[in-house]
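In my numbering, the protein residues as written are 38 to 179.
Every residue, glycine too, gets a C-beta built ideally from N, C-alpha and C.
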């Protein structure tokens, strides 16, 4: 069973901390990489510079409002890269206006989440992607 590799691209340290706390609380075993801006995300996804050996993620949790290179630019780069065609992208939004924009563009509701990330919603999405698995460690921590 292959674990889904998750790339979280989020510039707000509070949202990152909350998301990682949720993952820890639910004992998520999937590998998670965190990047804080769009330029690093593009380099990671396109395997450039210090990310030349980076594994291709299976799931991208992408904040739209990033400093420098905006999340929309990252999304355009993902959509334009055939090597990333199987990447499941989840857009993280902080506003109802962005949600409406995503709905207007026909993005299915399961592919955008209002921040902070809800673990149950994310787990359901990952489980729905047939070739990947989300693994929660059910053993009790001691």
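- Here residue 63 is near residue 156, since their CB atoms are less than 8 angstroms apart.
- Residue 119 counts as exposed, since fewer than 16 other C-beta atoms from the protein chains shown sit within 10 angstroms of its C-beta.
- Residue 151: member of the beta strand (DSSP E) spanning 149–151, first to last residue.
- With three or more CB-CB distances shorter than 8 angstroms, the segment 119–137 counts as touching the segment 88–100.
- Between the C-alpha atoms of residue 88 and residue 80 there is a straight-line separation of about 6 angstroms.
- Residue 94 sits buried, since 16 or more C-beta atoms from the chains shown fall within 10 Å of its C-beta.
- Taken through DSSP and simplified to helix, strand or coil, residue 100 comes out as strand.
- Between residue 50 and residue 74, the C-beta spacing is not below 8 angstroms.
- By DSSP's assignment, residue 72 forms a beta bridge with 46.
- The three-state reading of DSSP puts residue 79 in helix, counting H, G and I together.
- Here residue 65 carries a strand assignment [DSSP, helix/strand/coil].
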